[in-house]
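Residue numbers (my numbering): 101 to 297.
For glycine and all other residues, C-beta sits at the position ideal for the given N, C-alpha and C.
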């Protein structure tokens, strides 16, 4: 495969993805860029006065600014965070099958918002990109929800579901915005920003 114009622009850059998410890693590979993964745990406690629609950006910035690796001139550190918001409330990662079931049941037959933020941090600049998508689920039967929860165990996913999995195949009836934003990585924004870098 010949090197496209995008890769020519960033061939001298070292990309560091500070995310253990296999979905984000797979999506970044889809841009045909080389990168390394360097994850650093962060206390994701959010101040109570931050509106839910700003939480993803807050956490994405926090992950970048708390990371011990300070990017050199040729490096770009990338962090990201995704939140699911339903009726003004953030649905985090479920800690049990029952909690996962209850989350998905609350999303059944309604529309919710997914906010994903990505922070790119270099030696001299830092920028946070935000994107929003609206996802509508058809009415889900309880046995469908239990099948998904017990077989796919979505305990590492905000809102207790992955749009790219079985529940997304059978349940999502409408999507407004980027599919990849719902997956947790708005590739179109990352690509555009890397081209400018």
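Reference residue i; option with closest CA among the options
| i | options | result |
| --- | --- | --- |
| residue 211 | 227, 241, 184 | 184 |
| residue 237 | 263, 116, 168, 280 | 263 |
| residue 139 | 125, 271, 130 | 125 |
| residue 209 | 182, 136, 245, 189 | 245 |
| residue 234 | 198, 275, 203 | 275 |
| residue 256 | 158, 191, 224 | 191 |
| residue 118 | 148, 170, 147, 154 | 170 |
| residue 142 | 166, 122, 135, 181 | 166 |
| residue 128 | 284, 296, 297 | 284 |
| residue 239 | 286, 207, 220, 229 | 207 |
| residue 224 | 172, 213, 253 | 172 |
| residue 227 | 113, 292, 130 | 292 |
| residue 296 | 259, 281, 222, 146 | 222 |
| residue 202 | 231, 251, 259 | 259 |
| residue 154 | 113, 200, 232 | 232 |
| residue 113 | 135, 131, 195, 280 | 135 |
| residue 137 | 230, 287, 162, 177 | 177 |
| residue 220 | 282, 162, 122, 247 | 162 |
First through last residue of the alpha helix (DSSP H) which encompasses residue i
| i | result |
| --- | --- |
| residue 160 | 155 to 166 |
| residue 288 | 287 to 296 |
| residue 269 | 266 to 271 |
| residue 194 | That residue, residue 194, is in no alpha helix (DSSP H); it is neither H nor E in DSSP. |
| residue 170 | Careful: residue 170 lies outside any alpha helix (DSSP H) and carries neither H nor E. |
| residue 126 | 122 to 129 |
Residue i - partner residues in DSSP beta bridges
| i | result |
| --- | --- |
| residue 215 | 183, 232 |
| residue 116 | 136, 177 |
| residue 276 | 234 |
| residue 225 | Note: residue 225 sits in no beta bridge, so no partner. |
| residue 220 | 178, 227 |
Expected contact under 8 angstroms - CB spacing of residue i and residue j to nearest Å
| i | j | result |
| --- | --- | --- |
| residue 217 | residue 278 | With a Cβ gap of about 13 angstroms, residue 217 and residue 278 do not count as contacting. |
| residue 261 | residue 270 | Not confirmed; about 11 angstroms, so no contact. |
| residue 133 | residue 150 | Contact flag wrong, Cβ pair sits at about 32 angstroms. |
| residue 157 | residue 179 | With a Cβ gap of about 11 angstroms, residue 157 and residue 179 do not count as contacting. |
| residue 249 | residue 197 | 5 angstroms |
| residue 188 | residue 152 | 6 angstroms |
| residue 289 | residue 110 | Actually they do not touch by this definition, with Cβ atoms about 15 angstroms apart. |
| residue 214 | residue 182 | 6 angstroms |
| residue 265 | residue 252 | 5 angstroms |
N-terminal and C-terminal residue of the beta strand (DSSP E) that residue i is part of
| i | result |
| --- | --- |
| residue 325 | It is not possible to answer for residue 325, since the shown part of the chain is limited to 101 through 297. |
| residue 241 | Run containing residue 241: none; DSSP gives neither H nor E here. |
| residue 197 | From DSSP, residue 197 is part of no beta strand (DSSP E) but of the alpha helix (DSSP H) over 197 to 207. |
Residue i CB to nearest heavy atom of the ligand NAD below 7 angstroms
| i | result |
| --- | --- |
| residue 255 | Of ligands this structure carries none, so the ligand NAD is not represented either. |
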